[in-house]
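**Student:**
Protein chains in written order, with the working numbering: chain A, 1 to 123; chain B, 124 to 528.
1) Tell me the residue span of the beta strand (DSSP E) that contains residue 27 of chain A.
2) Please classify residue 92 of chain A as buried or exposed, where buried requires at least 16 other C-beta atoms within 10 Å of its C-beta.
3) State the Cα-Cα distance for the pair residue 474 of chain B and residue 398 of chain B, rounded to the nearest angstrom.
4) Give the residues of chain B in contact with residue 64 of chain A, contact being defined as C-beta atoms less than 8 angstroms apart.
5) Under DSSP, the beta strand (DSSP E) around residue 42 of chain A begins and ends at which residues?
6) Could you name the residues of the same chain whose beta carbon sits closer than 8 angstroms to that of residue 220 of chain B, not counting the 5 residues immediately before and after it, in chain order?
7) Which residues in the same chain as residue 61 of chain A place their Cβ atom closer than 7 angstroms to its Cβ, once the five residues preceding and following it in sequence are excluded?
8) Would residue 24 of chain A pass as an interface residue toward chain B - the criterion being a Cβ-Cβ separation below 8 angstroms?
9) So which of B:168, B:272 and B:383 has the shortest CA-CA distance to residue 346 of chain B?
10) Taking the CB atoms as reference points, tell me whether residue 79 of chain A and residue 50 of chain A lie closer together than 8 angstroms.
11) Roughly how many angstroms separate the alpha carbons of residue 57 of chain A and residue 87 of chain A, rounded to a whole number?
12) Assign residue 156 of chain B to one of two classes, buried (16 or more other C-beta atoms within 10 Å of its C-beta) or exposed (fewer than that).
13) I want to know whether the segment 301-319 of chain B touches the segment 335-346 of chain B - three or more CB-CB distances under 8 angstroms.
14) Could you tell me whether the Cβ of residue 226 of chain B comes closer than 8 angstroms to any Cβ of chain A?
15) Please classify residue 468 of chain B: does DSSP put it in a helix, a strand, or coil?
16) Measure the CB-CB distance between residue 278 of chain B and residue 307 of chain B and report whether it falls below 8 angstroms.
17) Of all the options B:270, B:227, B:194 and B:400, which has the alpha carbon lying nearest to the alpha carbon of residue 331 of chain B?
18) Candidates B:328, B:293, B:286 and B:133: which alpha carbon is nearest residue 302 of chain B's?
19) So is residue 182 of chain B buried or exposed if we call it buried at 16+ other beta carbons inside 10 Å?
20) Using a Cβ-Cβ cutoff of less than 7 angstroms, which residues in the same chain neighbour residue 418 of chain B once the five nearest sequence positions on both sides are dropped?
21) So, do the segment 475-483 of chain B and the segment 267-281 of chain B have three or more beta carbon pairs nearer to each other than 8 angstroms?
22) I need the DSSP call for residue 421 of chain B, collapsed to helix, strand or coil.
23) Thinking C-alpha only, which one of B:408, B:238 and B:188 is nearest residue 210 of chain B?
24) Using C-beta distances below 6 angstroms, list every residue in its chain close to residue 116 of chain A, excluding the 5 sequence neighbours before and after it, in chain order.
25) Can residue 551 of chain B and residue 163 of chain B be called in contact, C-beta distance under 8 angstroms?
26) Is it buried or exposed, residue 392 of chain B, if we count other Cβ atoms within 10 angstroms and call 16 or more buried?
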């Protein structure tokens, strides 16, 4: 399979991998090993904005790259119960094949599971 | 050893010799000689002039080389475009010829698609096919074949060396069972065998055997089907119906003008393989052990297929805790191997061979097939181990301690 330059770059660097702990950290996960894709996000909230984000993923290069990009992109922005960028925009940005659209939805589920809690926290 | 990201001009280490092999320089030169020859371009079927005779002499010389390399008689060699065509000719040819005697075939779930797809097609046409399931190491008990045979069985088709996991089946025992049955002919796909383990058509006792040139440092586009001319009096010789018509070449079993240069290449490639086989096998066995030791040290690495009844040229392993597509993408710039998935579509299908051995879908997807060969060096193995150690560790770190479903 071919990957565009952005996908390859974020897949290879996979920055912001890991977990966060402590006050103001909210975790969301979706997917499963059984389904072949699992993603987890940790968002740290400070005065309504994302101060740090980490992810873990057992997933294909597209999923890892998109997760890494989202974790990087979110920092400094106000937390919302939305992906920082929509699924279709992410698909275009990372040239995700249509057959893999479901994997972006797993990313969205994981992100929202963390973000919804964070929005309610407002710490 | 350089395992930094390669520049664009540098190709990854080639460890996919089970898929295909580079053409041996001696083979390429021999083929070029034919193409440049002032007489060898004749049609081997043209018996009316010297050009045809010269080409026919080259073809017959290559036929003798192939026969000698695999313990067959020259007259038993039928040229084809490759092992896939040879297997198609064997399966469709036998089933067509003996259709009034029976419509049952026995094969295994772990066969190459060149055998499974023709069997599926025959099922669509009304034949019955029994698919034997090997044990967890990929080995068949010959008794399974005996149990599957029926009065209406006309063909048993099994591979000698499995193309994904390298296990060697006990063909001689299966041949004896088929001979006792009397009506079941034995076809053996030996595309992965020549040059990797002893192949003796006569002593193995198979009735039909598929061969390939490009797996043995020969050219793509040429192969052969061995059709046994021996035969016990009561049983007679195996017969085939032709699948293509138009010239009567190859005893009317495979019509079409013979590609002289390809055939010359195959003849020499198999001669070289049989000559170098034992020396090369010992060297490759050491490399395979070096590779397995290095990969096993990573931890969470499972070997697929029997370690004791397999050719050393193949090593198939599954990596726990690593997603298959990511694993392949991560190592692709450095090492050329085959994956346990059939990546013919955007969404990979896990290997049916590994699934038949009982591996989970996830482990099947995260498996790699390393094909070692004549050009493989210790440095290649060390590069592969270094890259796999680094990338498997990185991907496991990305996955973290994920919940087991």
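Virtual Cβ for every residue (Gly too), placed ideally from N, Cα, C.
**Tutor:** This is what the structure holds:
1) Within the first chain, the letter at position 27 stands for residue 27 of chain A. 25-32 is the span of the beta strand (DSSP E), which, as asked, contains residue 27 of chain A.
2) Residue 92 of chain A sits at position 92 when you count from the first residue of the first chain. Residue 92 of chain A is exposed by the Cβ-count criterion.
3) Position 351 of the second chain, counted from the start, is the residue given in the question as residue 474 of chain B. Position 275 of the second chain, counted from the start, is the residue given in the question as residue 398 of chain B. If I take the Cα positions, the gap works out to 34 angstroms.
4) On the first chain, residue 64 of chain A is found 64 positions in, with the first residue counted as 1. The answer, in chain order, is 449 and 521.
5) Residue 42 of chain A sits at position 42 when you count from the first residue of the first chain. Looking at the DSSP string, the run of the beta strand (DSSP E) that includes residue 42 of chain A is 37-46.
6) Taking the second chain and counting its residues from 1, one reaches residue 220 of chain B at position 97. Excluding residues within five positions, the ones whose Cβ falls inside 8 angstroms are 362, 363 and 364.
7) For the purposes of this step, residue 61 of chain A is taken as residue 61 along the first chain, with counting starting at 1. Closer than 7 angstroms at Cβ, skipping near neighbours: 3, 7 and 11.
8) Position 24 of the first chain, counted from the first residue, corresponds to residue 24 of chain A. Against chain B, the CB of residue 24 of chain A has no partner CB under 8 angstroms away; the residue lies outside that interface.
9) By 1-based counting over the second chain, the position of residue 346 of chain B is 223. Of B:168, B:272 and B:383, the residue nearest in Cα terms is B:383.
10) In the first chain, counting from the first residue as 1, residue 79 of chain A sits at position 79. In the first chain, counting from the first residue as 1, residue 50 of chain A sits at position 50. In contact: residue 79 of chain A and residue 50 of chain A (Cβ atoms closer than 8 angstroms).
11) Start at 1 with the first residue of the first chain, and residue 57 of chain A comes out as number 57. Start at 1 with the first residue of the first chain, and residue 87 of chain A comes out as number 87. If you take the alpha carbons of residue 57 of chain A and residue 87 of chain A, they lie about 17 angstroms apart.
12) On the second chain, position 33 is the one that residue 156 of chain B refers to. Looking at its Cβ environment, which holds fewer than 16 other Cβ atoms inside 10 Å, residue 156 of chain B is exposed.
13) yes
14) The residue you call residue 226 of chain B lines up with position 103 of the second chain. No, residue 226 of chain B does not count as interfacial toward chain A.
15) Taking the second chain and counting its residues from 1, the one referred to as residue 468 of chain B is at position 345. Confidence is the limiting factor: at residue 468 of chain B the pLDDT is only 41, short of 50, which leaves the residue's position unreliable, though a coordinate-based value still follows. For residue 468 of chain B, the secondary structure class from DSSP, reduced to helix, strand or coil, is coil.
16) Working through the second chain from its first residue, we reach residue 278 of chain B at position 155. Working through the second chain from its first residue, we reach residue 307 of chain B at position 184. Going by C-beta atoms, residue 278 of chain B is nearer than 8 angstroms to residue 307 of chain B.
17) For the purposes of this step, residue 331 of chain B is taken as residue 208 along the second chain, with counting starting at 1. Looking from the CA of residue 331 of chain B, the closest CA among B:270, B:227, B:194 and B:400 belongs to B:194.
18) Here residue 302 of chain B is taken as the residue at index 179 of the second chain, counted from 1. Of B:328, B:293, B:286 and B:133, the residue nearest in Cα terms is B:328.
19) Within the second chain, residue 182 of chain B is the residue found at index 59, counting from 1. Under this definition residue 182 of chain B is a buried residue.
20) Residue 418 of chain B sits at position 295 when you count from the first residue of the second chain. Only 424, 440, 508 and 511 meet the Cβ criterion.
21) no
22) If you number the second chain from 1, residue 421 of chain B lands on position 298. DSSP places residue 421 of chain B in coil when its eight states are reduced to three.
23) Numbered from its first residue, the second chain carries residue 210 of chain B at position 87. It is B:238 whose Cα lies nearest to the Cα of residue 210 of chain B.
24) Here residue 116 of chain A refers to the residue found at position 116 of the first chain. The answer, listed in chain order, is 81.
25) Outside the displayed span of chain B (124 to 528) sits residue 551 of chain B, for which this structure offers no information.
26) Locating residue 392 of chain B in the second chain gives position 269, where the first residue counts as 1. Within 10 angstroms of the beta-carbon of residue 392 of chain B lie 16 or more other beta-carbons, which makes it buried.
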